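Below is one structure, written out as structure tokens; comments come after it.
There are 4 protein chains.
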Amino acid sequence: MIRVFVTGGTFDKTYDEITGRLSFSDTHLPEMLQLGRSRVEVSVRTLMMIDSLEMTDADRDVVVRNCQQCVESRIVITHGTDTMVKTAAALAAAVKGKTIVLTGAMIPYAFGSSDGLFNLGSALSFAQVLPSGVYIAMNGQHFVWDRVKKNKATGVFEAI
Amino acid sequence: MIRVFVTGGTFDKTYDEITGRLSFSDTHLPEMLQLGRSRVEVSVRTLMMIDSLEMTDADRDVVVRNCQQCVESRIVITHGTDTMVKTAAALAAAVKGKTIVLTGAMIPYAFGSSDGLFNLGSALSFAQVLPSGVYIAMNGQHFVWDRVKKNKATGVFEAI
Amino acid sequence: MIRVFVTGGTFDKTYDEITGRLSFSDTHLPEMLQLGRSRVEVSVRTLMMIDSLEMTDADRDVVVRNCQQCVESRIVITHGTDTMVKTAAALAAAVKGKTIVLTGAMIPYAFGSSDGLFNLGSALSFAQVLPSGVYIAMNGQHFVWDRVKKNKATGVFEAI
Amino acid sequence: MIRVFVTGGTFDKTYDEITGRLSFSDTHLPEMLQLGRSRVEVSVRTLMMIDSLEMTDADRDVVVRNCQQCVESRIVITHGTDTMVKTAAALAAAVKGKTIVLTGAMIPYAFGSSDGLFNLGSALSFAQVLPSGVYIAMNGQHFVWDRVKKNKATGVFEAI
Chain B
27 MIRVFVTGGT
37 FDKTYDEITG
47 RLSFSDTHLP
57 EMLQLGRSRV
67 EVSVRTLMMI
77 DSLEMTDADR
87 DVVVRNCQQC
97 VESRIVITHG
107 TDTMVKTAAA
117 LAAAVKGKTI
127 VLTGAMIPYA
137 FGSSDGLFNL
147 GSALSFAQVL
157 PSGVYIAMNG
167 QHFVWDRVKK
177 NKATGVFEAI
Chain H
27 MIRVFVTGGT
37 FDKTYDEITG
47 RLSFSDTHLP
57 EMLQLGRSRV
67 EVSVRTLMMI
77 DSLEMTDADR
87 DVVVRNCQQC
97 VESRIVITHG
107 TDTMVKTAAA
117 LAAAVKGKTI
127 VLTGAMIPYA
137 FGSSDGLFNL
147 GSALSFAQVL
157 PSGVYIAMNG
167 QHFVWDRVKK
177 NKATGVFEAI
Chain V
27 MIRVFVTGGT
37 FDKTYDEITG
47 RLSFSDTHLP
57 EMLQLGRSRV
67 EVSVRTLMMI
77 DSLEMTDADR
87 DVVVRNCQQC
97 VESRIVITHG
107 TDTMVKTAAA
117 LAAAVKGKTI
127 VLTGAMIPYA
137 FGSSDGLFNL
147 GSALSFAQVL
157 PSGVYIAMNG
167 QHFVWDRVKK
177 NKATGVFEAI
Chain D
27 MIRVFVTGGT
37 FDKTYDEITG
47 RLSFSDTHLP
57 EMLQLGRSRV
67 EVSVRTLMMI
77 DSLEMTDADR
87 DVVVRNCQQC
97 VESRIVITHG
107 TDTMVKTAAA
117 LAAAVKGKTI
127 VLTGAMIPYA
137 FGSSDGLFNL
147 GSALSFAQVL
157 PSGVYIAMNG
167 QHFVWDRVKK
177 NKATGVFEAI
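Protein chains in written order, with the working numbering: chain B, 27 to 186; chain H, 27 to 186; chain V, 27 to 186; chain D, 27 to 186.
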């Protein structure tokens, strides 16, 4: 059983047709798992629904505590890409003995051309086989939390 | 570096608008890797472009020999789901010391609602971390080649 | 109020993931009207769900009789492209004083890259403003029923 | 021959994956016409690429002058929905003897679930058959410029 925590991020951005702005409503995770015909046993919980640039230390604590307290030892977190590495560091400092994989998307899933479904398949797979630790799964790759940064010019996660 | 062998299957079926039938033209693999913003180093080679129900023993030999002879030790094969397990068995008998992951799709990628992108992200991820052996990656899960069958009534791959 | 008669055709083909073949289930018309945010008052009725190559004279009679008997004077018919002109001729011979617009698609709507939504918007619009007669609306254009043929090599409807 | 003037609007909004914001780059019109397999003879020209809430009187003058000066007597204008009626009024005051149809979208075409393709098929069709005048084509319907308003709460264009 894999626990999936949803925090928002580009993954779950939608277009609000009344205001003409990007916004968040419900997560697309269940729809994406259905589209992928996933049979991985998961338990999905939405912790927050925010742009990761607006994630406060208090928000980050919520993520950490949920990862500490859940009974599952394998966890996937959907997260905005901008501060994904920062949250990974907070998790690495506070959660031991669990395999935690953070993933996200560069393009909202609600758009036809999103990388979200690819990343979700990737993150769920890494979460099933990697040893305990905190990882980022983006661009088809996985990185230990302190060996990666997001290249803000290209949007690509790179090894450091 | 991961070697990707394309054999066709539902993954790559397209709709021929002149004949009104399903058909194969070029593989969608490069387009899918681009959509997923994959940065995994891959070398893609199309071996054949067929429905796996029509895959002969001679075709299967081509797949086996390519897996034996390529320099890469990590391989992903896109394959029709109907005889995926049979090809996996042939590979297991003949290729040693390599990690081979077969994957496919229930819905063509060219359709908007395909599971293909999810499966590709999953297969590429499993191929990077699993020990040598022959595996099937479908429905977000991975199975050793002789521990799985496709449930023809539901289209789901199940452990045996 | 516009009457919409559904007869199947490429418009409504779906991919049966268990058999791996193209098939018909329910019509996509209501979903397409919703996607187009259509506010045209319509009454949709499915007459049959077949490939137009398999449409018999008896089937064609069903279409004709429904167009004769419905109270609406403006009608859109979704139809396979291969025999669309033949059905249009049958309608022109038997239905007077109504505006009937036949339309279809070269790619199934269930595929991401269908022309169906464009054609539906076009057909509904022509049906609201053209004088009585039988027309084919394809490729953004409209043709009187006896001034058009489908070019089978290109899939395009051309004036004759 | 129909002249198509592009002014931007939701129709052409894209998601900038580096900034995470909605933005404009090139118009999707040619791609949409290709997807719709349109054979309507059109000449597309981008006049500006802006949110219609930011359209100034000077911008509106550019639209008016282009409609006056082009040789074509049938014109489609893609436009943001928020001030579409205002631009239609400016055109009605200054351009005589031409059929001008404004259209737009509630959801960007780059999103998978846009109404844009439906609206484009509708607008091109109305533009071919309506007498001279200035019209708005949205929601599958057409309205004379001074008989319509956008309901800002629902996003629907309604007759007044």
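Built from N, CA and C at the ideal position, the CB exists for glycine as well.
None of the values given here were measured: they were computed from a predicted structure.
*What residues in the region 132-155 of chain D have a beta carbon less than 8 Å from any beta carbon of chain B?*
132, 133, 134, 136, 137, 138, 139
*So, is residue 192(V) buried or exposed, given that buried needs 16 or more other C-beta atoms within 10 angstroms?*
Absent from the structure is residue 192(V), since the part of chain V shown begins at 27 and ends at 186.
*Does any residue of chain D bring its CB to less than 8 Å from the CB of residue 43(B)?*
yes
_For residue 110(B) and residue 154(D), the rounded distance between their alpha carbons_ = 52 Å
*Could you pull out every unbroken beta strand (DSSP E) segment of at least 3 residues lying fully inside the region 126-179 of chain V, listed in chain order?*
159-164, 167-170, 174-176
*asked:* I'd like the ranges of any beta strand (DSSP E) spanning at least 3 consecutive residues and lying wholly in the region 45-124 of chain V.
replied: 47-50, 68-76, 100-104
*Going along chain B, which residues have a C-beta under 7 Å from residue 48(D)?*
48
*Taking Cβ positions only, does residue 181(B) come closer than 8 Å to chain D?*
yes
_Let me make sure I understand the geometry here. Which of 41(V), 178(V), 142(V), 186(V) has the alpha-carbon closest to that of residue 103(V)?_
142(V)
*With respect to the beta strand (DSSP E) encompassing residue 34(V), which residues constitute its N-terminal and C-terminal limits?*
28-34
*If I'm right that residue 125(D) touches residue 100(D) with Cβ under 8 Å, what's the distance once you round it to whole angstroms?*
5 Å
*Would you call residue 122(H) buried or exposed, if buried means 16 or more other Cβ atoms sit within 10 Å of its Cβ?*
exposed
*Check distances from the C-beta atoms of the region 49-69 of chain H to those of chain B and list, in chain order, the residues that come in under 9 Å.*
58, 59, 61, 62, 63, 64, 65, 66, 68
*asked:* I'd like to know whether the C-beta of residue 165(B) is nearer than 8 Å to at least one C-beta of chain H.
replied: yes
_To the nearest angstrom, how far is the alpha carbon of residue 62(H) from that of residue 133(B)?_
10 Å
*asked:* With three or more beta-carbon pairs closer than 8 Å as the criterion, would you say the region 72-81 of chain B touches the region 161-177 of chain B?
replied: no
_chain D contact residues for residue 36(B), given Cβ-Cβ distances below 7 Å_ = 46
*Starting from residue 182(D), follow the beta strand (DSSP E) in both directions and report where the run begins and ends.*
182-185
*asked:* Quick check: the Cα distance between residue 29(B) and residue 69(B), rounded to an integer number of angstroms?
replied: 5 Å
*Looking at residue 71(H) and residue 37(H), is the spacing between their C-beta atoms short of 8 Å?*
no
_Which same chain residues end up closer than 7 Å to residue 149(V) when comparing Cβ atoms and leaving out the 5 residues on each side of it in sequence?_
102, 127, 129, 163
*What does residue 42(D) pair with, by DSSP beta-bridge criteria?*
47(D)
*When the distance is taken between beta carbons, is residue 137(B) closer than 8 Å to residue 147(H)?*
no
*Between the CA atoms of residue 64(B) and residue 52(B) - distance to the nearest angstrom*: 20 Å
_Under 8 Å, Cβ to Cβ, is there at least one residue of chain C near residue 64(D)?_
You won't find chain C in this structure, because its protein chains are B, H, V and D.
*Answer with buried or exposed for residue 58(V), where buried requires no fewer than 16 other C-beta atoms within 10 angstroms of its C-beta.*
buried
_Integer-rounded CB distance, given that residue 183(D) should sit under 8 Å from residue 165(D)_ = 6 Å
*Are the CB atoms of residue 117(V) and residue 96(V) nearer to each other than 8 Å?*
no
*Beta-carbon contacts of residue 140(H) that lie in its chain and below 7 Å, excluding the five residues immediately before and after*: 131, 133, 134
_Candidates 185(B), 186(B), 179(B): closest to residue 43(D) by CA position_ = 179(B)
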